[in-house]
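Per my numbering, the sequence shown runs over residues 1 to 254. Read the structure below first, then the notes.
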Amino acid sequence: MAKTGAFEPAAGLVENVRFVLVEPRKAGNIGASARALKNMGFRRLVRVRGPGVQEQEARQMAVSARDVLDGSEQVESIEEAVRGAVLVAATTKRMRAMIQPRPIYLRQAVQQLLEVARHHPVAVLFGNEKWGLAHEDLAYAGLLVRIPTIPSFGSLNLAQAVLLVAYEMRMALLDQGLAAHDKLAKSSRNMADAGQLEGLYEAARAALIKNGFFPPHRVDNGMNTLRGVLSRARLEEREVKFLLGMFGRLGESE
């Protein structure tokens, strides 16, 4: 299994994602948020007012992420924090009908954010520890995000929420990276060509008909299903040879 470190998101994409803490109350949560971002490969932290990064609690909680903490930006308004962002998301627990757009779950939201972040800046807003984001804060967002905690105990620490969003983003990027790696690896193998596959289909057809696997009226449908399975597998030459040998033996059996 590939190590996760082998698939780092592009620097440009990382720079396009900013995490915005709106009026955080506790310096320790700012430091812990910086640490969470660094854990997941992100660096853009913006603070809308709140405690300074030089406070002892912030620095203690940041541990080895003080570079992210020191590199964070402090602004005076959400408008300033999200300036230039093409898509703004806001985390919220609110599900009342008056909230628009309707909140979606985090994993779905992450896909939309990363799609935009490949080419444009995006921002994710987090409310403060006591009351979250106000209605007027949510108005800046084109995407409202719910972290699917249990209804009876849905409260998250600010840094926990930051970590969960950053984690889901990283996992989505790793999945995309693994898929790209897998595609690249497959493209470098000795793949079977269409002629070889056609020979395999004919051998399979003959063997399966001889052994009564398909009712006569279901042969074509059955072979279409088998073709689909084998074509999606993107077989190598050696795999085709193996299957040809197997179907050949079946065709010889009495």
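The beta-carbon is built from N, C-alpha and C at its ideal position, and this holds for glycine as well.
My guess is that Arg35 and Ala65 are in contact by the Cβ rule of under 8 Å, so how many angstroms apart are they, rounded?
4 Å
Identify whether Ile30 lies in helix, strand or coil by the three-state DSSP scheme.
helix
Just to confirm, are Pro150 and Leu106 a CB contact at a threshold of 8 Å?
First, the residue type needs correcting, since residue 150 is Ile and not Pro in the sequence shown. Cβ distance not < 8 Å, so Ile150 and Leu106 don't count as in contact.
Roughly how many angstroms separate the alpha carbons of Gly5 and Val165, rounded to a whole number?
Low local confidence applies: a pLDDT of 48 at Gly5 is under 50, so the model's placement there is unreliable, with the coordinate-based value given in what follows. Looking at the two C-alpha atoms, the distance is approximately 19 Å.
Looking at the structure shown, is Pro150 part of a helix, part of a strand, or coil, going by DSSP?
According to the sequence as given, residue 150 is Ile; it is not Pro. Three-state result, Ile150: coil.
Locate the beta strand (DSSP E) running through Glu73, then write down its first and last residues.
From DSSP, the beta strand (DSSP E) with Glu73 extends over 73-75.
Since Ala123 and Val68 should fall inside the 8 Å C-beta cutoff, what is the C-beta to C-beta distance between them, to a whole number of angstroms?
Contact doesn't hold; Cβ gap of about 16 Å is too wide.
Give me the residue from Met171, Gly142, Leu235 with the minimum Cα distance to Phe42.
Nearest option by C-alpha distance: Met171.
Closest to Gln132 by CA distance: which of Gly251, Val162, Gln176 is it?
Just to set this straight, residue 132 is Gly in the shown sequence, not Gln. When each option's Cα is compared against that of Gly132, the closest is Val162.
Can you tell me whether DSSP reads Gly41 as helix, strand or coil?
coil
Considering only DSSP beta bridges, list what Ala90 is partnered with.
Looking at the DSSP assignment, Ala90 forms a beta bridge with Leu125, Leu144.
So, helix, strand or coil for Gly52, using DSSP?
The DSSP-derived three-state label of Gly52 is coil.
Suppose the cutoff is 7 Å on Cβ atoms and the five residues either side in sequence are ignored; what does the same chain contact list for Arg264 look like?
Since the first residue of the chain shown is 1 and the last is 254, residue 264 is not available in this structure.
Among residues of its own chain, excluding the 5 on either side of Ala32, which ones have a beta-carbon nearer than 7 Å to its beta-carbon?
Met61, Ala159
Return the Cβ separation of His120 and Asn16 in integer angstroms, given the expectation that the two are a contact with Cβ distance under 8 Å.
7 Å
Report back the beta-carbon spacing between Ala81 and Val48 to the nearest angstrom; my notes put them in contact at under 8 Å.
Contact flag correct, Cβ pair sits at about 5 Å.
Quick one: measure Cβ to Cβ for Ala280 and Leu144, integer angstroms, because I've assumed they're closer than 8 Å.
Past the edges of the chain, shown from 1 to 254, lies residue 280, and the structure says nothing about it.
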